[in-house]
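Beneath this line is the structure, given in structure tokens, with notes to follow.
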Amino acid sequence: MSVTVFQDNVSHDNAGGFFLVRTATGRLADAVIRYNISRNDHYRSIETCSGTFDTVRAHNNTIYIGEGISQTVINENTTNKHNITFTNGIVNIRSTAHRSAATPCCC
Numbered sequence: 002m003s004v005t006v007f008q009d010n011v012s013h014d015n016a017g018g019f020f021l022v023r024t025a026t027g028r029l030a031d032a033v034i035r036y037n038i039s040r041n042d043h044y045r046s047i048e049t050c051s052g053t054f055d056t057v058r059a060h061n062n063t064i065y066i067g068e069g070i071s072q073t074v075i076n077e078n079t080t081n082k083h084n085i086t087f088t089n090g091i092v093n094i095r096s097t098a099h100r101s102a103a104t105p106c107c108c
């Protein structure tokens with residue numbers, strides 16, 4: 002079995018955000034998103050989209066939202082069932098313009 006690992010990355014000032022979890026029509030299983038930093042990314046930090054996710058773990062990530070940044074930290078953009086966990090993350094919000102910490106959505 003293979004494991005998908007996304008780690009030790011720095012993202013900053015991106016218009017679309019930090020991380021998109023998506024498989025188009027397939028299934029993502031046994032994936033890890035860890036030890037990453039998102040700084041002043043806009044719109045959303047992490048978004049889940051189409052596809053199916055089994056045992057996806059996001060842990061020990063740090064998100065900085067600076068002054069004037071409007072962002073949803075976790076945005077769910079699908080009605081598909083997911084097995085995804087978020088643990089031991091740090092979210093540092095300095096902005097008064099942020100939108101929300103989590104937004105469930107079905108498109």
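According to the numbering used here, the sequence shown holds residues 2 to 108 in order.
Even glycine gets a Cβ: it sits at the ideal position worked out from N, Cα and C.
Computed from a predicted model, the values in this text were never measured in an experiment.
For the beta strand (DSSP E) assignment, the uninterrupted runs of no fewer than 3 residues enclosed by the stretch 48-79 are, from N- to C-terminal side, 53-60, 63-66 and 72-78.
According to the DSSP assignment, Thr-5 belongs to the beta strand (DSSP E) that extends over 5-8.
Remark: C-beta atoms of Ser-12 and Asp-42 approach each other more closely than 7 Å.
Annotation: His-43 is outside any beta strand (DSSP E) and is labelled neither H nor E by DSSP.
Here Arg-95 carries a coil assignment [DSSP, helix/strand/coil].
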